[in-house]
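Step one of this worksheet: look at the structure below.
In our numbering, the protein residues as written are 349 to 452.
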């Protein structure tokens with residue numbers, strides 16, 4: 349399985365689907381399923397039963413997963429593709445292809 353180019357904490361823009369055009373911060377990455385959770389995007393309603401952790405149940409809004417292929421990394425306000433370079437120290441780093449600048 350290839351390495352995902354999007355990491356937790358990155359700012360991404362949705363490029364496909366009903367939420368197209370929205371931007372947000374990545375909350376979680378599921379590499380096995382190839383999905384990401386983006387803050388404020390693909391909001392779903394979840395019905396929660398009362399339990400030990402939350403004494404009252406109800407309907408809560410939370411982010412739903414989006415396929416990683418439907419989001420694009422935002423570098424200096426512009427969506428860009430991501431590549432990998434090996435720097436002078438021999439460490440593998442991500443870089444923005446549009447500006448050819450290292451991200452990490």
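Backbone N, C-alpha and C define an ideal beta-carbon position, used for all residues, glycine too.
Determine the DSSP secondary structure at residue i, reduced to helix, strand or coil.
{"i": "residue 389", "result": "coil"}
{"i": "residue 448", "result": "coil"}
{"i": "residue 415", "result": "strand"}
{"i": "residue 353", "result": "coil"}
{"i": "residue 361", "result": "strand"}
Could you tell me which residues DSSP puts in a beta bridge with residue i?
{"i": "residue 396", "result": "406"}
{"i": "residue 442", "result": "432"}
{"i": "residue 426", "result": "423"}
I'd like to check one pair, residue j with residue i: are the Cβ atoms closer than 9 Å?
{"i": "residue 407", "j": "residue 397", "result": "no"}
{"i": "residue 411", "j": "residue 377", "result": "no"}
{"i": "residue 353", "j": "residue 421", "result": "yes"}
{"i": "residue 437", "j": "residue 363", "result": "no"}
{"i": "residue 372", "j": "residue 383", "result": "no"}
{"i": "residue 390", "j": "residue 425", "result": "no"}
What are the start and end residues of the beta strand (DSSP E) that includes residue i?
{"i": "residue 375", "result": "371 to 378"}
By Cβ distance below 8 Å, which residues in the same chain neighbour residue i in space, the five residues on each side in sequence not counted?
{"i": "residue 423", "result": "444, 446, 447, 449 and 451"}
{"i": "residue 356", "result": "374, 375, 376 and 377"}
{"i": "residue 440", "result": "432, 433 and 434"}
{"i": "residue 388", "result": "370, 372 and 411"}
Given the structure, does residue i come close to the ligand MG, in the sense that its CB is under 8 Å from one of the ligand's heavy atoms?
{"i": "residue 355", "result": "In the structure shown, the ligand MG is absent, as is every other ligand, since no ligand is present at all."}
Given residue i, which residues of its chain have a CB within under 6 Å of its CB, disregarding the five upstream and five downstream residues?
{"i": "residue 431", "result": "443 and 445"}
{"i": "residue 405", "result": "396, 397 and 398"}
{"i": "residue 427", "result": "361 and 420"}
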